Amino acid sequence: MRLLLDTHLLLWWLAADPRLSPTVRDLVQTPGAEVFVSQVSLWELAIKQSLGKVQVPLSALESQVPRQGFQWLSIQNAHLLAVAQLESHADHRDPFDRLLVCQSRVEPMQLLTADRSLQRYGAPVRYLPA
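In our numbering, the protein residues as written are 918 to 1047.
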């Protein structure tokens, strides 16, 4: 099973945040599960930090991901090209989310998220409420 963590789930995992659902914990800890964190998440956090929206030790995050047993997922041309084909929703234009959805489709892998707005994209998005 190949899993891609949405940015907020990564932060919740690293902080042992109680908002992280037991289902997410179980999926991530399933023997044989391959868990990925996209470079999109690092990009998103860097931008949000520069805007004063979050405070995350970005250089530490870079090394925390592999220490958790997770793998970094690079942004590939195929992921970027898939964004042009992704259905549009007037009330959801988040470029980070859209690229994560495309990565999950191209690779393929399940995108785990607690963001209800991503449900509309269907599989391989897996909505797991907090």
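Cβ atoms here follow ideal geometry from the backbone N, Cα and C, with glycine treated the same way.
As the structure is a prediction and not an experimental result, all values here were calculated from the model.
(message) Checking 8 angstroms against the spacing of the C-beta atoms, do V1023 and L1003 come in under that value?
(response) no
(message) Please state the DSSP three-state secondary structure of L1045.
(response) coil
(request) Would you check if the distance between the CB atom of E979 and the CB atom of F1013 is smaller than 8 angstroms? (result) no
(message) Is it buried or exposed, R1037, if we count other Cβ atoms within 10 angstroms and call 16 or more buried?
(response) exposed
(message) Below 8 angstroms on the Cβ atoms is my contact criterion, and I expect L921 with L990 to pass it. Report the Cβ-Cβ distance as a whole number of Å.
(response) 7 angstroms
(message) Starting from L1028, trace the beta strand (DSSP E) in both directions and tell me its first and last residue.
(response) 1027-1030
(message) Going by the DSSP bridge assignment, what does Q988 pair with across the sheet?
(response) F953
(request) Measure from the alpha carbon of L1029 to the alpha carbon of each residue in S938, A933, Q972, then state which is nearest. (result) S938
(message) On the criterion of 16 or more Cβ atoms from any shown chain inside 10 Å, does H996 qualify as buried, or is it exposed?
(response) buried
(message) Measuring straight from C-alpha to C-alpha, what distance separates R1015 and F953?
(response) 16 angstroms
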